[in-house]
Amino acid sequence: MIGFVKKVIRNRLAGLGLVVLFGIILLAILTPLLPLAPPNAIDTPNRFVLPFSDNALLGTDHLGRDLLSRLLWGTQLSLAVGLAAAFIAGFFGALLGIVAGYMGGRTDSLIMRSVDILMAFPYILLALAIVAALGPGLMNALIAVAVVNIPFFARNVRGVAVTLAQADFIQSARLSGRSDISILVFELLPNVASVIIIAFSTTVGWMILETAGLSFLGLGSQPPQADLGSMLGEGRAALITNPHTSIIPGIMIFLIVMGINLLGDGIRDALDPRLAKGQLEKPSPLTRVSDGLIQSPPIVSTASKAVMDVNHLSTNFEVSEVVNKAVRDVSFSISSGECLGLVGESGSGKSVTALSLTRLVASPPGVVVSGSVRISDQELISLPYEGIRAIRGRRVAYIFQDPLTSLHPLHRIGHQLTEAMSTHSRGADSVFVERAENLLSEVRIPNPERVMDAYPHELSGGMRQRIGIAMALANDPDIIIADEPTTALDVTVQAQILAILNDLRQQRGLSILFISHDLNVMAQICDRVAVMYAGEIVEMGRASDILEHPKHPYTAALLACSPQIGQGRQSLQPITGMPPTGHEPLNACAFANRCSRVQPVCQQQPVEIIDMDSQLVRCLFPVVES
Amino acid sequence: MLRYIVRRLISMIPVLIGITAIVFLIMSLIPGDPATAILGSYATPENVANLNAKLGLDKPLVQRYFIWLGNLAQGDFGRSFSLNRPVLDEILERFNATLILSGTAYLLCSFLGVLAGIISASRQYEISDKLITFVVLIGISVPSFFLGMMLIVFFTVQLRWLPASGMFSIYGGGDFVDLIRHLIMPALALSFVATGVIARLSRSTMLEVLRLEYIRTARAKGVKEFRVVTRHAFRSAVVTILPVLGLQAGFVLSGSVYIEIVFQWPGIGRMLVDAILTRDILLVQGGVVFVAFCYVFFNLAVDVLQLWLDPRITRK
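Those protein sequences? They're chains D and F, same order as listed. Numbered by this note's numbering, the letters in the first sequence go through residues 12 to 637 in order. Numbered by this note's numbering, the letters in the second sequence go through residues 4 to 319 in order.
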């Protein structure tokens with residue numbers, strides 16, 4: 012609770028709202044004690060005295076009544092009425108919502124149908140109808156505003172209550188034979204409290220406004236008693252000659268509602284877990300790069316045949332003060348027509364590596380802190396946005412893991428394909444359409460013309476991933492980065508996709524960076540394999556060498572825990588323990604804690620990667636087969 | 004599509020009947036005797052009884068409701084005693100004026116709100132975002148009637164640019180330009196609050212969409228950032244924003260009651276307030292039901308638009 016309050020206050024605007032609101036409420040409470048003129052004392056000779064006069068700080072109104080006094084008494088009344096309405100609406104709304112959600116069935120549908128019908132009215136119509144029936148007056152306005160807002164609370168609370176009613180702790184309370192009332196009050200209510208608070212903080216400002224509005228229309232508080240709304244209504248008659256009689260109550264309403272809104276925003280933000288994780292921040296089109304890195308001159312290109320050269324690449328996730336090192340000092344290169352596999356368990360940093368190459372890591376929180384990525388002679392890490400944009404999809408193309416979430420759900424397939432082309436080259440639409448259809452047949456999609464008009468949700472998972480591949484091929488790129496392209500698919504479809512990729516590789520001489528956690532898939536398509544662990548490459552070499560003669564204990568353990576077809580009944584060996592988190596620097600071998608071959612020295616210093624029979628290994632005691 | 008619309012129309016029937024029932028029920032709470040209200044307190048008991056019989060008020064509540072409902076279905080909203088003309092005629096005439104005012108304000112707030120939300124989200128934490136957030140905060144905090152009054156003080160009293168009341172000038176007005184001049188201030192005041200609400204929602208929706216995977220795909224394709232925001236992110240955000248735009252129509256209609264009073268716009272809101280103060284029950288009843296029906300049908304139109312914009316719904 013204290014943490015929550017601190018969070019609210021840390022938000023500067025919410026703090027401001029709190030101060031304004033607190034000040035106004037304090038004034039309203041102290042009003043009876045202040046040395047004010049009586050609010051309803053008429054003094055017609057002194058009507059329309061301007062503010063800052065001797066006897067009246069805020070002037071007087073059309074009957075010569077002291078405006079400061081009327082303002083404070085009016086504020087007190089408006090606050091009281093608005094809050095009362097909010098409490099009534101909150102109480103009955105939450106009651107209806109909890110009962111509907113908990114009871115379900117007929118009760119639920121009866122309550123919610125009524126709520127729907129009440130919500131079918133523009134809110135003021137209902138309030139007007141109620142006031143029309145009960146007659147003008149402050150109490151009636153209060154009732155009207157409260158009734159109008161009940162549906163909002165009921166619907167919000169019911170939404171949460173329905174899910175909670177199915178939760179295990181409620182079910183077990185029911186089974187234990189406790190009475191419904193006791194479950195509602197002691198189990199359900201505390202869990203919907205935050206929804207009620209949020210709904211309250213969003214509507215209380217509205218309710219103060221609405222009651223003031225009804226009074227403004229002459230349907231709320233009746234003279235001589237005045238709330239802020241009726242003061243505004245009276246001021247309107249003299250708006251042109253003496254605007255101060257309107258401006259003063261108007262500003263007070265504005266300040267109250269603004270204070271409530273600011274505070275309400277602060278409360279909602281403090282309750283929203285997404286905000287703390289930076290999930291509501293817009294990712295910039297380019298991953299941020301540490302300052303020093305951009306200024307440093309690009310590394311002089313060495314003569315190499317590599318299509319892509321990656322050197323000492325490191326990427327962090329930085330959320331406020333916490334730094335998580337996702338990719339640590341990764342280097343590799345891919346030559347023309349080669350397929351390099353990047354394998355590792357989830358969280359090993361392989362996807363982040365892939366996204367870092369064209370700076371696609373969401374930023375915030377991602378930051379590229381060191382390294383260089385070159386394709387032929389161009390350095391990507393220090394390249395400005397336009398430069399990178401021209402390379403993305405044109406020379407470096409991506410295939411993503413889940414084609415359902417990575418294809419735009421509301422764009423037709425044809426549009427998504429032709430857009431990939433028109434982004435990088437000019438041409439007639441018909442040319443692009445024809446090329447797109449050819450690509451679709453190339454990835455073995457029957458009826459390309461029909462698929463062009465389809466939306467992603469109308470296709471199967473395998474079809475969608477073929478479209479992902481076709482889209483990557485659209486501009487005949489130098490290299491394709493396939494980030495777990497088969498993980499979301501079932502095994503037969505997986506095999507088809509792999510076959511397509513393999514054929515394309517042979518026909519087009521494609522270079523591929525293939526990312527997967529599945530060693531069997533690696534064996535089918537990769538020339539070389541790099542194994543990642545805790546953000547580092549721990550072993551790299553020819554695929555056949557690594558898969559058959561792993562030198563790093565981690566690779567060996569990984570192989571021992573993946574089932575192999577045709578190997579008969581073997582017991583799979585799980586790797587015990589957890590990989591280290593990315594929060595600390597690695598002062599030891601990252602795998603030491605889980606390694607069966609660990610020696611004391613492994614825990615004492617970071618381990619360098621060494622060349623061992625044309626295989627790179629980051630281990631002091633590599634596995635050597637006899 | 005057509006089947007969906009028909010299904011929705013059918014499912015609306017209970018809602019429409021519910022609306023009439025609620026309005027009728029609320030109105031039947033009125034203490035006292037409508038006939039006395041019409042005839043004044045000096046009426047003889049026979050006259051009151053006669054009028055009650057003539058108005059059908061001597062019958063039981065449920066029967067009266069069904070008679071009223073039957074009349075409504077035939078387009079007979081009854082007769083306003085304070086204006087001495089058919090309720091429906093008055094409503095249609097007034098609704099026209101309300102439609103001009105609310106419709107303009109609604110288009111204005113939808114367009115400006117969504118635009119502000121997009122700009123704000125795509126430039127998060129930049130100066131334009133902060134500026135918009137600030138204006139939006141004022142927008143959602145200021146009472147529209149107060150804003151309207153301040154506009155009058157500034158543009159009519161100080162600058163003498165715009166007329167402060169009515170829909171047309173009394174002398175020599177009546178053309179389109181005259182209407183626009185009368186419309187500017189009330190439409191602005193009315194749209195300001197809703198603009199704030201829509202801008203806020205658009206901003207947060209855009210921020211959520213911009214983190215989704217298919218936005219990353221668009222960027223990986225090399226699509227220009229402007230296009231990523233407008234064609235990819237906004238296209239999806241619309242589907243979330245649209246239902247809220249439908250609800251905002253209710254807020255704009257509600258706000259128009261205040262604005263019509265402030266600017267003496269001859270719309271249905273002012274008619275309702277006058278009818279309440281003169282206790283002209285049939286007029287209140289008819290006006291509320293009429294506007295609520297319009298709102299329900301408007302939201303049906305929004306739903307159909309939603310269906311058209313989101314092909315994923317058709318399947319369900």
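Ideal Cβ placement from N, Cα and C applies to all residues, glycine included. Everything numeric in this text was worked out from a predicted model, so none of it was measured.
Shown here, F/V51 sits in a helix according to DSSP, grouped into three states. Bridge partners of D/C350 according to DSSP: D/I523. Beta-bridge annotation (DSSP): D/D494 is paired with D/I526.
For the C-beta of D/P294, the chain F residues within less than 7 Å are, from N- to C-terminus, L213, R214. Straight through space, the alpha carbons of F/V139 and D/D494 are spaced by roughly 41 Å. Secondary structure note for D/E469: it is in no alpha helix (DSSP H), with a DSSP letter that is neither H nor E. Taking each of D/N66, D/P590, D/P294, D/F211 in turn and checking the Cα distance to D/F102, the smallest one comes out for D/F211.
Between D/C613 and D/H563, the CB-CB gap reaches or exceeds 8 Å. In summary, F/F137 is exposed, with fewer than 16 beta-carbon neighbours lying within 10 Å of its beta-carbon over all protein chains present.
The beta carbon of D/M269 falls within 8 Å of a beta carbon belonging to chain F, placing the residue at that interface. Here DSSP, grouped into helix, strand and coil, assigns F/E129 to coil. Residue burial is scored here from C-beta neighbours: F/M4 has fewer than 16 other C-beta atoms within 10 angstroms and is therefore classed as exposed. With its beta carbon less than 8 Å from one in chain D, F/E228 belongs to the interface. Spanning the alpha carbons of D/R405 and D/D489 requires a straight line of approximately 8 Å. In the DSSP assignment, D/Y544 falls within the unbroken beta strand (DSSP E) covering 539-544.
Burial check for D/M150: the Cβ neighbour count within 10 Å stays below 16, so the residue is exposed. Along the segment 104-138 of chain D, the positions whose C-beta sits under 9 Å from a C-beta of chain F are R124, S125, D127, I128, L129, M130, A131, F132, P133, Y134, I135, L136, L137, A138, read in chain order. Between D/R169 and D/A111, the C-beta spacing is below 8 Å.
When Cβ-Cβ separations below 8 Å define contact, D/R169 makes no contact with chain F. Assigned with DSSP and collapsed to three states, D/E390 falls in strand.
Beta bridge pairing from DSSP links D/R553 with D/R539. Under the 8 Å criterion on CB atoms, D/L61 is classed as non-interfacial with respect to chain F. Going by DSSP, D/V206 is part of the alpha helix (DSSP H) stretching over 200-227. Boundaries of the alpha helix (DSSP H) around F/F293: 284-312.
Nearest neighbour of D/Q615 by Cα position, chosen from D/V628, D/A599, D/Q517, turns out to be D/A599. In this structure, D/G360 lies away from D/M589, with their beta-carbon atoms at least 8 Å apart.
If one requires a minimum length of 4 residues, the alpha helix (DSSP H) runs lying completely within the segment 135-181 of chain D are 149-176, in chain order. Out of F/N55, F/E129, F/D92, F/A119, the CA that lies nearest to the CA of D/K293 is found in F/E129. The residue from D/I557, D/A223, D/I480, D/T298 with its alpha-carbon nearest to that of D/V268 is D/A223.
In summary, F/Y174 is exposed, with fewer than 16 beta-carbon neighbours lying within 10 Å of its beta-carbon over all protein chains present. Around the beta-carbon of D/G240, 16 or more other beta-carbon atoms lie within 10 Å, marking it buried. When C-beta distances to chain F are compared with 8 Å, the residues of the segment 210-238 of chain D below that value are G216, L220, A223, G224, F227, L228, G229, L230, in chain order.
Cβ proximity to chain F below 9 Å picks out E430, A431, T434, H435 from the segment 428-441 of chain D. In the same chain as D/H435, and ignoring 5 residues on each side of it, the C-beta atoms closer than 6 Å to its own belong to R405, N486, in chain order. Chain-ordered, the chain D residues with CB closer than 9 Å to the CB of F/G21 read R124, S125, D127, I128, L129, A131. Here D/Q626 is near D/I557, since their CB atoms are less than 8 Å apart.
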